[in-house]
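To get our numbering, take the position in the sequence shown, counting from 1, and add 648. Data block below; observations after.
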Amino acid sequence: MATEHLIRPHGGSLVDRTGTAPDDLDSLEVVTLTSREASDLDMIASGALSPLEGFMGREDYESVVGSMRLAGGLPWALPVCLAVDGAPAGDRVALADQSGRVLAVLEVEGVYEYDKEREAEECFRTTDAEHPGVARLYEQKPLYLSGKVTVFERVEPPFPELARDPAETRRIFAERGWRRVVGFQTRNPIHRAHEYLTKVALETVDGLLIHPLVGDTKSDDVPAETRVECYRVLVDGYYPADRVLVSAFPAAMRYAGPREAIWHAICRKNYGCSHFIVGRDHAGVGSYYGTYDAQLIFDDFSAHELDIEPMFFEHTFWCNTCGAMASAKTCPHPTEEHVFLSGTKVREMLGNGEIPPVEFSRPEVAEVLIEAYKS
Ligand SMILES: [Zn+2]
């Protein structure tokens, strides 16, 4: 199926760094990856991080940290780096996951020092070690090892039925005749507010990719199994099957807020999305970022530099007077008319086995969450 009518991958072509293991694999020095690095490795292999073919070298790294562009000028928002204790002896190393399973070989290009505080300040906009992304950065080993990778063992996907590489989502979009596709990033169950904005977006394009992040998140986020079940019941009950695709996004959360919004958009372009939904405080955590920072950062790029089109959304709610979902942009009524529940209130209700108002959450979704709270 021809996919030429879809948006082109970032940098022009989809990278494929899968391959076969070399004969001398057993003789190579082994570098053990953190779960975030293993997730990045797998996304390099599949082309989700096109045009990257490996872990970043110093020039790309410095350029990305300083100006959100690769050394060649292409937009890129976050470092994709492999941290090590020292320079390897050979010109190739084997890369293994935490369990010791060897996944890939890296052709050593260089080893360089990096400034953790500078990376934190530029990429996370804070040097506060309480920030989960900064905390992880501070725990990293002191040097970055760069080079192209060849991956011969893919990471076990947590949801094999939802695991689709960019080549596959592109093939599915093409088969369904979609040209314009909007991607929706989420790491939470979808309530009415998010259902509404995905449908508003879908009204203007051909298809919707619900692309929940299933990689590492904070331990207090709703577990991925529960979220995936919520997406299933919601899509089955309320979306037309031929206009929506639910697939897992294998990235680990970095909680880098605005920069991560750009990074998420670029990844979704590789999956074949022409549009990308950016809500308030996208990929944020705590109060480190302003409400609209993740939308405003798109202005740092000229109109066609990113190619993928961001779609910005406000906080949305059910309005009793409008008798519809709305936002401050579309509803003139006072807040007493709006059905609003805080996250704390919703968790309390679900924990007590109570179904929130139907204007806030679909009952099928609420039931999945109530079951999850019981166990
Ligand atoms: Zn209203």
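A virtual CB, placed ideally from N, CA and C, is assigned to each residue, including glycine.
Residue i beta carbon near ligand 1 (any heavy atom closer than 6 Å)
i: A976; result: no
i: H981; result: yes
i: T1050; result: Residue 1050 lies beyond the range of the chain shown here (649 to 1023); nothing can be said about it.
i: C970; result: yes
i: C771; result: no
i: C878; result: no
i: C967; result: yes
Inter-residue spacing [alpha-carbon to alpha-carbon] between residue i and residue j
i: R819; j: N968; result: 42 Å
i: H839; j: M691; result: 29 Å
i: D674; j: E804; result: 22 Å
i: A896; j: E816; result: 12 Å
i: Y844; j: R740; result: 50 Å
i: T666; j: G795; result: 15 Å
i: I1018; j: E1012; result: 10 Å
i: S922; j: G738; result: 42 Å
i: L689; j: G720; result: 21 Å
i: W966; j: A974; result: 6 Å
i: T983; j: T964; result: 12 Å
i: P837; j: P906; result: 21 Å
i: D869; j: G863; result: 12 Å
i: D884; j: D671; result: 48 Å
i: Y1021; j: A972; result: 29 Å
i: V799; j: N1000; result: 47 Å
i: V987; j: E1015; result: 19 Å
i: S1009; j: A686; result: 35 Å
i: H859; j: P736; result: 37 Å
i: K993; j: R916; result: 33 Å
i: R824; j: K764; result: 45 Å
i: K847; j: V853; result: 10 Å
i: L726; j: V678; result: 26 Å
i: L700; j: V881; result: 36 Å
i: H930; j: P723; result: 19 Å
i: V876; j: R835; result: 10 Å
i: V926; j: E957; result: 10 Å
i: D708; j: R684; result: 19 Å
i: M997; j: P1004; result: 7 Å
i: H981; j: A744; result: 57 Å
i: F946; j: A889; result: 31 Å
i: V894; j: Y887; result: 11 Å
i: G855; j: V759; result: 43 Å
i: V732; j: K789; result: 5 Å
i: S694; j: G660; result: 15 Å
i: A696; j: M901; result: 15 Å
i: A669; j: A752; result: 7 Å
i: H912; j: Q833; result: 8 Å
Limits of the unbroken beta strand (DSSP E) element including residue i
i: Q833; result: V829 to T834
i: V678; result: V678 to T680
Where the alpha helix (DSSP H) through residue i begins and ends
i: H842; result: R840 to L850
i: T817; result: P814 to E823
i: L856; result: Here L856 belongs to no alpha helix (DSSP H); instead the beta strand (DSSP E) covers G855 to P860.
i: D690; result: S683 to S694
i: A942; result: D941 to L944
Bridge-paired residues (DSSP) for residue i
i: E957; result: H923
i: V741; result: L754
i: A811; result: A896
i: T666; result: V799
Entirely within the segment 960-1019 and at least 4 residues each: give me those alpha helix (DSSP H) ranges in chain order.
991-999
Could you give the uninterrupted runs of the alpha helix (DSSP H) lying entirely in the segment 883-939, keeping only those of 4 residues or more?
906-918
Quick check on the DSSP output: what are the complete alpha helix (DSSP H) runs of length 4 or more inside the segment 749-800, in order along the chain?
764-767 and 780-787
With a floor of 4 residues, list each alpha helix (DSSP H) that falls wholly inside the segment 703-732, ordered by position along the chain.
706-715
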